[in-house]
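**Student:** Its first residue numbered 15, the sequence shown is counted upward by one per residue in the numbering used here.
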Amino acid sequence: MAVMNIIRAYQMRGHLLADLDPLGISYGHVTDADGDAAASGKAQGLSAATILRQHKVPASTEQDWERHYALPDNAFIGGGAKTLSLREIVRRLEEAYCATVGAEFMHIHDLDVVQWVRARMETPGVRRALADDDKRRLLQRLIRATHFETFLSKKWPGEKRFGLEGMEVLVPTIKQIIDRAVALDCGTFVLGMAHRGRLNVIANVCRKPLVQIFTQFSGLEQEDPGSGDVKYHLGTRVLVKNSVTGKEAMVSMVANPSHLEVVAPVVQGRTRAEQFYRGDVEGRSAMSIHVHGDAAFSGEGVVYETLNLSNLPNYTTKGAIHIVCNNQVGFTTDPRAARSSPYCTDVGKVTSAPVFHVNADDPEACMFVADMAVEYRFRHGADVVIDLVGYRRNGHNEADEPAFTQPLMYRKIRARRPVPELYAEQLIKDKVVDQQWVDSYAQEYAKILEDDFNEAKGITTSRLTDWLDAVWKGFFKGKDQGLCPPTGVSESVLEKVGVAFSAKPPDDFVVHPGIERILKTRQKMVSDREVDWALGEALAFGSLLLEGRHVRLSGQDVERGTFSHRHHVLHHQERDMETHVALQHLAPGQAAYTVCNSSLSELGVLGFELGFSLTDPNALVLWEAQFGDFNNMAQCIHDQFLSSGQCKWVRQCGLVMLLPHGLEGMGPEHSSARPERFLQLCDDDPEEDEDAVRGKRSPVQQLADVNWIVANTTTPANYFHILRRQIALPFRKPLVLFTPKSLLRHPEARSPLVDMAEGTEFQRVIPAAGPCTTSPRAVRKLLLCSGKVFYDVRNAVRDADLEGSIAIARVEQLCPFPYDLVAAECARYPEAALFWLQEEHKNQGAWSYVRPRLGACAGVEPCYVGRPTSAAPATGNKAQYQREAEALVQRALQL
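The following block contains the structure:
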């Protein structure tokens, strides 16, 4: 029993005794009397003798040490032996768990998985020495990683490059992962990482042409429109021939802003899409590799949000490999001020991922861990974390002085020889190579660098298109970029989708009585040829599915809909996990429809859907917020990827964000999707774009020129058309779509089926209708608005018998602004004063965006009707809300 306890103690705590830190400071947990950080095991009060003493194993005499003990049946350390001496047991355990690899895996719930890791860590002979050819290849990769950084530092000494010095082993580690995965027939790799070592990985893992990298240092004019980005944020996509297997593999590095880990869910979404479109349910054709910083992995919440997606049905990629590039310092903050857990990787354990800590100055141990990680991922279909414990030889960037804040650490670093030198020395000693071989290979790579540098001198411009991380082959070919095909659909197709969507499931499927009533209501709408919001959405999805377009709808509670309006997934009332999705059964050969409730995550899930949408431009990918203002939690995706992605990276994206919006007395946190924030990020400007203001540019050309589309539709037909337009456009733009809550069931917020039939299209502006149109010169007030406030005020105008004096038109598409249609509507009522009407507060909503645009196309300064300014988006007091709503209507009616 004592022996069993000892084995278990090493399995659980051996990593605390492992020789993981090349600097010997072990994460800086504690500091000894001399000012040097103590070893991890020492900090925990651990040693082999301590473990033996704790488990009451006599080991005070030589006889005790030589005594043989019977081994448990499942003790892999025996290697088939039934007994071993205590000395040999401890030696083998320390070799397995306390050398330069420390394993954390006993937290995993699946015993078979635990046993799998144990077998590879403990069984004698499993950790075989590398063959000489493999050692030489490893050294070559270290030399390339080292000389690449040295070359950049010499040619551009003043440039930031966030070099890999001190962690050069990262390059051969990623290469080894790819080698092993390609041997298992994986052909696509999606990489995500922040800036540290990124250029080196792009050069020596992705094998991006060096000429293209060097031009980014030269400050050349770029051929492409847009802002571009700094070189260590750009992505790439390269088809490479694997040197070990001879097979080809596609390696992509996803473009990433400085917001570090925010790229992680984007990578996962990209990977899931690569697998999905290949019909790969096992996740063997494509996999993701994440490179994290130690401070970011433990500090950024999106890491957990991404890890939490790893085993969810519609988000899993069957395992990602996470490599933590552990420099033991984040900019200037050491771990004692950066995290509350012993290891930076502890968050990885919440999803039962094994964590392999490895000393980055032991390259062969890194290769062993890389192999084990790949085997684990493909065998168990789950995430695995590699903690490469090393150091950062320079400061945060090359101009930084790290000794200001980490003097003792950098005293040790300056005294530490680089690992490529140490490993070359080891191989020379072992007679695997000689010094001439090392020098010859270094000179060979130096010549490659110099030749490409000289070639780059002759290039006068740079191209962002060389840095695309996702290529849509054939998508743009033969398309008129100024023309959008029709979005209307034949009535027979609409009826087919409507009938299928409203039909009861098969007879043996027991539905909730409330669902039966909903289905009957839908059937009546189909027969009456009148459509509400939910049916209009289903008609858009269904018609696209019949055209072979994949539709994916994701978000919190989207299957039913937050407001219980959608009900795309029906649940059997007597059998668990049995569901029926009508839109998946429209016709043989239709495209796949994916509708999936997500975890309670905005940043992680929106990033995932963004990544998914980048893979195939012919799919409609939508993310819906539970309430529109919940999108605040995903602000980084809006700012860094969606609104600016094309400008920075020439990367188009057609993702749709559905954001329920409207002030309805539900308080400040369930009212506003913050239209003002999205509109502020729009890059159209009436002062800079006179052609658009004067109507000289077509609506499609306007869409092509703007960074994203912002709309607030008020009819099911317009909702139908704008969704279909996302696929019909000859290019892709993100769509920010404010969707209703009360209008979902509003009796007037319905559309006749004919408004979606052939010959119809999206209405950017819905003109005023009714008595005001018969005598337009009698109209004294023209109200332009967007959203549900139209229905509130229109009914009040009707009740007050002011329909001949007040005209109300709806601006359904806010960005790009429909100057031509707004100007025509203003001209129609020459005697009317122009007002912008909104339910949001004056410092919110669309007012600040539309004000200069209305003035530009109408030639007069518009007036404002709406709530006064407020710090909060809405009141939480029902009485106050009612007073505000009534006052708003009264101000709108004043002549």
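Where is the CB? At the ideal position from N, CA and C, for every residue including glycine.
Compare the beta carbon distance of S912 and P887 with 8 Å and say whether it is the shorter of the two.
**Tutor:** Lying outside 15 to 909, the shown extent of the chain, residue 912 is not represented and no answer is given.
**Student:** Pull the bridge partners of Y607 from the DSSP assignment, please.
**Tutor:** V565.
**Student:** By DSSP, does S765 sit in helix, in strand, or in coil?
**Tutor:** strand
**Student:** Measuring only the C-alpha atoms, how far is V268 from L717?
**Tutor:** 25 Å
**Student:** Any idea which residues DSSP pairs A771 with across the strands?
**Tutor:** V503
**Student:** Run through the DSSP bridge pairs and tell me what P674 is partnered with.
**Tutor:** T753
**Student:** Mapping the DSSP letters down to three states, classify F490 as helix, strand or coil.
**Tutor:** coil
**Student:** Quick check: A662 and D243, are their CB atoms within less than 8 Å of each other?
**Tutor:** Contrary to the premise, residue 662 reads as Lys rather than Ala in this sequence. Yes.
**Student:** Give the secondary structure of A118 by DSSP, where H, G and I count as helix, E and B as strand, and everything else as coil.
**Tutor:** Before going on, a small fix: residue 118 reads as Glu here, not Ala. Strand, per DSSP.
**Student:** If you draw a straight line from the alpha carbon of A208 to that of V252, how long is it in whole angstroms?
**Tutor:** 19 Å
**Student:** Taking Cβ positions, are H371 and D401 nearer each other than 8 Å?
**Tutor:** The answer is yes: Cβ separation under 8 Å.
**Student:** Looking only at its own chain, which residues have a Cβ that is under 6 Å from the Cβ of I216, when we skip the five neighbours before and after it?
**Tutor:** K222, T250 and M267
**Student:** If we call anything under 8 Å between Cβ atoms a contact, is A379 one with V140?
**Tutor:** no
**Student:** Going by DSSP in three states, N857 sits in which element: helix, strand or coil?
**Tutor:** coil
**Student:** At a cut of 8 Å, does the stretch 163-179 reach the stretch 355-368 through at least three beta carbon pairs?
**Tutor:** Segment contact: the stretch 163-179 against the stretch 355-368, fewer than three CB-CB distances shorter than 8 Å; contact not assigned.
**Student:** Thinking W850 and V879 are a contact (beta carbons under 8 Å), I'd like their distance in whole angstroms, please.
**Tutor:** 7 Å
**Student:** Using the Cβ count rule (16 or more neighbours within 10 Å means buried), how would you classify T535?
**Tutor:** exposed
**Student:** Straight-line CA distance for L422 to P349?
**Tutor:** One C-alpha to the other measures close to 14 Å.
**Student:** Determine, using beta carbons only, whether V433 and E182 come nearer to each other than 8 Å.
**Tutor:** yes
**Student:** So is K892 buried or exposed if we call it buried at 16+ other beta carbons inside 10 Å?
**Tutor:** exposed
**Student:** How should Q190 be labelled, buried or exposed, when 16 other C-beta atoms within 10 angstroms of its C-beta is the threshold for buried?
**Tutor:** buried
**Student:** Do you know how far the Cα of V343 is from the Cα of D653?
**Tutor:** 28 Å
**Student:** For G313, which residues of its own chain have a beta-carbon under 8 Å away from its beta-carbon, when the five flanking residues on both sides are left out?
**Tutor:** G344, A352 and R353
**Student:** Do F523 and H599 come within 8 Å of each other at the CB atom, strictly closer than that value?
**Tutor:** no
**Student:** T608: which of A287, A771, N411 and C220 sits nearest, CA to CA?
**Tutor:** A287
**Student:** Leaving out the 5 sequence neighbours to the left and right, which residues in its chain are closer than 6 Å to L758 when beta-carbon positions are compared?
**Tutor:** W547, F577 and H579
**Student:** Apart from the five residues just before and just after L321, which ones in its own chain have a Cβ nearer than 6 Å to its Cβ?
**Tutor:** T365
**Student:** In chain order, what residues of the same chain have a beta carbon less than 6 Å from the beta carbon of V197, not counting five sequence neighbours either side?
**Tutor:** Here residue 197 turns out to be Ala, not Val, going by the sequence shown. Contacts found: T259.
**Student:** Take every Cβ of the stretch 285-304, pair it with every Cβ of the stretch 671-686, and state whether three or more of those distances are shorter than 8 Å.
**Tutor:** Because the criterion of three Cβ pairs below 8 Å is not met, the stretch 285-304 and the stretch 671-686 do not touch.
**Student:** Can you list, in chain order, the residues of its chain with a C-beta nearer than 8 Å to that of L669? Leave out the 5 residues immediately preceding and following it.
**Tutor:** E623, L624, S627, V635, L636, W637, L656, P748 and L749
**Student:** Ordered along the chain, which non-local residues of its own chain (more than five positions away) have a Cβ less than 6 Å from that of M264?
**Tutor:** Scanning its chain for C-beta atoms nearer than 6 Å, with the 5 sequence neighbours on each side dropped, one finds around M264 the residues T202 and L253, in chain order.
**Student:** Hey, would you say L909 sits closer than 8 Å to S789, going by beta carbons?
**Tutor:** no
**Student:** Taking the CB atoms as reference points, tell me whether Y833 and G709 lie closer together than 8 Å.
**Tutor:** Between Y833 and G709, the gap from beta carbon to beta carbon is short of 8 Å.
**Student:** Would you mind stating whether A601 and L737 have Cβ atoms separated by less than 8 Å?
**Tutor:** no
**Student:** Contact defined as beta carbons within less than 8 Å: I believe C200 pairs with R284. What is the distance between those atoms, to the nearest angstrom?
**Tutor:** That belief does not hold up - the Cβ atoms of C200 and R284 are roughly 15 Å apart, past 8 Å.
**Student:** Could you tell me how far apart the beta carbons of Q282 and L323 are, in whole angstroms, since I believe they sit closer than 8 Å?
**Tutor:** 6 Å
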